[in-house]
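Peer 1:
2 protein chains.
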Amino acid sequence: MSTSRRSFTREPPEQRKEALITATLTLMAEAGPAAATVRAIADKAGISQGMIRHYFSTKEELIVAAYEHHMQAMTEATAAQGSQTGTAADRLENFVIASLTPPVVDPSAMALWAGFIHMIRRDAAMRDTHRRTYYNFRDRLEALIGAALREAGQIAPPAKVRRHAIACNAVIDGLWLEGGALPDAFDEGELAEIGLTSIAAIIGLEFHKKERAL
Amino acid sequence: MSTSRRSFTREPPEQRKEALITATLTLMAEAGPAAATVRAIADKAGISQGMIRHYFSTKEELIVAAYEHHMQAMTEATAAQGSQTGTAADRLENFVIASLTPPVVDPSAMALWAGFIHMIRRDAAMRDTHRRTYYNFRDRLEALIGAALREAGQIAPPAKVRRHAIACNAVIDGLWLEGGALPDAFDEGELAEIGLTSIAAIIGLEFHKKERAL
DNA sequence: TCCGTAATTATGCAAGTGTATAATTACTAA
DNA sequence: TTAGTAATTATACACTTGCATAATTACGGA
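Right, here's the structure in full:
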């Protein structure tokens, strides 16, 4: 009989990887990057630590995958709420609101992001993910701004729309950051309201939707 | 004679603390938070590791002091360039420009900041420093905005000036972040230019200074 | 000049780290 | 039913970590 090992079932690679990634993100969000050790990750995922090296060639690689996962989740969260229907201005408005309210604005999500972002200077894969994520967000914003301006009958040179997108992106990022870092400093809905007002001023357009319920 | 120890001189506590703090910041900026071990810090500071526990009750305490130091340096850098003389609009303009050009905008400074900021959720002292730093920056911005508006003969309700300050702060933070994270994505002076244009639009004022040299 | 004190160095320690490897076990296909 | 194989677990290893403590040394006041 020898020593009794814990029983296990074989699972598809994608499921195992996802479990490891989720465990990594949970640990990092709850207790910081330092808490995401191979043993803690494996424990939280309910498997043995050998699995990390089996599915990822190194812990570093798992971290990169977790970063990618987190950023994709945030991207999807901003795209979820009806950025598809309605006028361009409406879609832009929804996009901004989604970006500046929970669950996108969230202390855990912000801390997680910060725990990753300092790595982009030293890790090429992390840098690449950051670059891709940033441009993806900004390009979507730029498309919405351009469409909203055209919709309002304004001619907008591409260079100007680009600068608008950079500026609006910065407003959103800044407010998102501050909402995550000091959650008690802002009333509910305040970040979105300030974001919309600022973006309207920057691109020279007004949003027409009625006040949202608080 | 026994074993030969390295010779040393006694130095004032402030000097030792500063050496340790500087070493910590350098290591964290160059190689990330994980590289700032007690041994590496002591080596870089040119003293033995026992000094860390002698001047700080724990490594954590040194990290907090280093964070405080870094944020104060950034604060001073934004205050340096003539935010004292000239019209309020000029001072606001200088403040924004200083915040959106090197050495404030800097990949190392940004990575350093990110390496710290994820700790504010778990460490009360870090959280306190962040809160203080954030409000200090925003309050200075709010004062400048209020003065600039009054100067232009506009009446501005305090609540409105507050919202303006939150928004302008977000623009600056966002641009600062993006400039540090993707230094090649923006031309020299572009961040400051976009920042000034956006802030002018948000508070409804124009900056009159001539174009700055690139 | 010399002694006491505190700063400083050196060393030790228990715990934890990522990774490598060996031992087992579940599942598949014949 | 039974091999074979790949997934999974368990364990070992070399190294690093933060902290504690003992041994030394510089310096100021008598």
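Chains as they are written, first to last, in my numbering: chain A, 1 to 214; chain B, 215 to 428.
A virtual CB, placed ideally from N, CA and C, is assigned to each residue, including glycine.
If you're wondering where the values come from, they're calculated on a predicted model, not measured in any experiment.
(1) Going by DSSP in three states, F56/A sits in which element: helix, strand or coil?
(2) Looking at the C-beta of P107/A, does it have a partner C-beta in chain B at a distance below 8 angstroms?
(3) So, with DSSP's three-state summary, where would you put Q286/B?
(4) If S198/A and V161/A are in contact, beta carbons under 8 angstroms, what's the gap, nearest whole angstrom?
(5) Can you list, in chain order, the residues of its chain whose CB lies under 7 angstroms from that of V319/B, leaving out five sequence neighbours each side?
(6) On the three-state DSSP scale, how would you describe S218/B?
(7) For the segment 66 to 76 of chain A and the segment 42 to 54 of chain A, state whether three or more C-beta atom pairs, one from each stretch, are separated by less than 8 angstroms.
(8) Name, going along the chain, the residues of the segment 154 to 165 of chain A whose beta-carbon falls closer than 8 angstroms to a beta-carbon of chain B.
(9) State yes or no: is the C-beta of I47/A within less than 8 angstroms of the C-beta of L27/A?
(10) With DSSP run on the structure shown, which of helix, strand or coil describes F207/A?
(11) On the criterion of 16 or more Cβ atoms from any shown chain inside 10 Å, does F330/B qualify as buried, or is it exposed?
(12) Enumerate in chain order the residues of its own chain whose CB-to-CB distance from M288/B is below 7 angstroms, with the five nearest sequence positions on each side excluded.
(13) For E178/A, go through chain B and note every residue whose CB falls closer than 8 angstroms to its CB, in chain order.
(14) Identify each residue in the segment 328 to 339 of chain B for which the Cβ-Cβ distance to at least one residue of chain A is less than 8 angstroms, and report them in chain order.
(15) With distance defined between alpha-carbon atoms, name the residue in T85/A, G146/A, A125/A, Y55/A nearest to E11/A.
(16) Please confirm whether G246/B has its beta-carbon closer than 8 angstroms to some beta-carbon of chain A.
(17) Go through its chain and collect everything with a Cβ distance to S99/A's Cβ below 6 angstroms, but skip five positions before and after it.
(18) Where F207/A and L62/A are concerned, what is the direct C-alpha to C-alpha distance, given to the nearest angstrom?
(19) Against chain B, with Cβ distances strictly below 8 angstroms, would H208/A count as a contact?
(20) Could you tell me whether any Cβ in chain B is nearer than 8 angstroms to the Cβ of L92/A?
(21) Straight-line CA distance for L396/B to P321/B?
(22) Would a C-beta distance cut-off of 8 angstroms place I203/A and L141/A closer than the cut-off?
(23) Would you please state the rounded distance, in angstroms, between the beta carbons of L92/A and I155/A? I believe it to be under 8 angstroms.
(24) What residue does the alpha helix (DSSP H) around M340/B start on, and which one ends it?
(25) Determine the extent of the alpha helix (DSSP H) in which V96/A is found, giving its start and end residues.
(26) Within 10 angstroms of the Cβ of R212/A, are there 16 or more other Cβ atoms? Answer buried if so, exposed if not.
(27) State buried or exposed for F8/A, treating a residue as buried only when at least 16 other CB atoms are found within 10 Å of its CB.
(28) Looking only at its own chain, which residues have a Cβ that is under 6 angstroms from the Cβ of I334/B, when we skip the five neighbours before and after it?
(29) Report back the beta-carbon spacing between I194/A and I408/B to the nearest angstrom; my notes put them in contact at under 8 angstroms.
(30) Helix or strand or just coil, what does DSSP make of E11/A?
(31) For H332/B, does the three-state DSSP call read helix, strand or coil?
(32) Need the endpoints of the alpha helix (DSSP H) that L389/B sits in, please.
(33) I want to see whether chain B comes within less than 8 angstroms of R212/A, judged by CB atoms only; does it?
(34) Do you know how far the Cα of P227/B is from the Cα of A414/B?
(35) With 8 angstroms as the threshold, decide whether the Cβ of L234/B is near any Cβ in chain A.
Peer 2: Inspection of the coordinates gives the following:
(1) Working through the first sequence from its first residue, we reach residue 56/A at position 56. The answer is coil: DSSP assigns F56/A none of H, G, I, E or B.
(2) In the first sequence, the residue the question calls residue 107/A occupies position 107. Interface residue, yes.
(3) The residue labelled residue 286/B in the question sits at position 72 within the second sequence. Correct three-state label for Q286/B: helix.
(4) Numbered from 1 along the first sequence, position 198 holds the residue referred to as residue 198/A. Numbered from 1 along the first sequence, position 161 holds the residue referred to as residue 161/A. Going by Cβ atoms, the distance from S198/A to V161/A rounds to 17 angstroms, so no, they are not a contact pair.
(5) Here residue 319/B refers to the residue found at position 105 when the second sequence is read from its first residue. Within its own chain, the residues whose Cβ lies closer than 7 angstroms to the Cβ of V319/B, once the five positions on either side in sequence are excluded, are W390, G393, G394, L405, listed in chain order.
(6) For this step, residue 218/B is matched to residue 4 along the second sequence. In the structure shown, S218/B sits in coil (DSSP, three-state: anything other than H, G, I, E or B).
(7) Output reads no: the segment 42 to 54 of chain A does not touch the segment 66 to 76 of chain A.
(8) For the segment 154 to 165 of chain A, the beta-carbon criterion of a distance under 8 angstroms to any beta-carbon of chain B is satisfied by R163.
(9) Locating residue 47/A in the first sequence gives position 47, where the first residue counts as 1. Locating residue 27/A in the first sequence gives position 27, where the first residue counts as 1. No. Outside cutoff.
(10) By 1-based counting over the first sequence, the position of residue 207/A is 207. Three-state result, F207/A: coil.
(11) Indexing the second sequence from 1 puts residue 330/B at position 116. By the 10 Å Cβ count, F330/B comes out buried.
(12) Residue 288/B sits at position 74 when you count from the first residue of the second sequence. Hits under 7 angstroms: V318, A323.
(13) As a working note, residue 178/A is residue 178 in the first sequence. Ordered by position in chain B, the residues that pass the 8 angstroms Cβ test against E178/A are Y348, I380, N383, A384, D387.
(14) Per Cβ criterion, the list reads A328, G329, I331, H332, M333, I334, R335, R336.
(15) Locating residue 11/A in the first sequence gives position 11, counting from the first residue. Looking only at T85/A, G146/A, A125/A, Y55/A, the smallest Cα-Cα distance to E11/A is reached by Y55/A.
(16) The sequence position of residue 246/B within the second sequence is 32, counting from 1. Residue-level contact by beta carbon holds for G246/B and chain A, with a gap shorter than 8 angstroms.
(17) The residue you call residue 99/A lines up with position 99 of the first sequence. Excluding sequence neighbours, S99/A sits near T78, I172.
(18) Numbered from its first residue, the first sequence carries residue 207/A at position 207. Numbered from its first residue, the first sequence carries residue 62/A at position 62. Looking at the backbone, the Cα of F207/A and that of L62/A are separated by about 42 angstroms.
(19) Taking the first residue of the first sequence as 1, we reach residue 208/A at position 208. Chain B contact via Cβ: absent.
(20) The residue labelled residue 92/A in the question sits at position 92 within the first sequence. Output row for L92/A: interface = no.
(21) In the second sequence, the residue the question calls residue 396/B occupies position 182. In the second sequence, the residue the question calls residue 321/B occupies position 107. Straight-line Cα distance between these residues: approximately 8 angstroms.
(22) As a first step, residue 203/A must be located in the first sequence, where it is residue number 203. As a first step, residue 141/A must be located in the first sequence, where it is residue number 141. No; because the gap between Cβ atoms is not below 8 angstroms, this pair is not in contact.
(23) Here residue 92/A is taken as the residue at index 92 of the first sequence, counted from 1. Here residue 155/A is taken as the residue at index 155 of the first sequence, counted from 1. About 18 angstroms separates the beta carbons of L92/A and I155/A, which is beyond the 8 angstroms limit, so they are not a contact pair.
(24) Translated into positions along the second sequence, residue 340/B becomes position 126. That run of the alpha helix (DSSP H) goes 338 to 365.
(25) Here the question's residue 96/A lines up with position 96 in the first sequence. Where V96/A is concerned, the enclosing alpha helix (DSSP H) stretches over 88 to 99.
(26) Taking the first sequence and counting its residues from 1, the one referred to as residue 212/A is at position 212. Because the pLDDT at R212/A is just 49, under 50, the model does not fix this residue reliably, and the point stays unresolved.
(27) The residue you call residue 8/A lines up with position 8 of the first sequence. Classification for F8/A: exposed.
(28) What you label residue 334/B is simply residue 120 of the second sequence in a count that begins at 1. Here the set comprises M340, R341, H344.
(29) Translated into positions along the first sequence, residue 194/A becomes position 194. Translated into positions along the second sequence, residue 408/B becomes position 194. I194/A to I408/B, Cβ: 18 angstroms. No contact.
(30) Translated into positions along the first sequence, residue 11/A becomes position 11. DSSP places E11/A in coil when its eight states are reduced to three.
(31) In the second sequence, residue 332/B corresponds to position 118, counting from 1. Residue state, collapsed to three classes: coil.
(32) For this step, residue 389/B is matched to residue 175 along the second sequence. First-last of the alpha helix (DSSP H) with L389/B: 372 to 395.
(33) Stepping through the first sequence from its first residue, residue 212/A is reached at position 212. With a pLDDT of 49 at R212/A, under the threshold of 50, the modelled position of that residue is not reliable, and no figure is offered here.
(34) The residue labelled residue 414/B in the question sits at position 200 within the second sequence. The residue labelled residue 227/B in the question sits at position 13 within the second sequence. Taking C-alpha positions only, A414/B is separated from P227/B by approximately 47 angstroms.
(35) The count along the second sequence starts at 1 and reaches residue 234/B at position 20. No, because no Cβ of chain A sits closer than 8 angstroms to the Cβ of L234/B.
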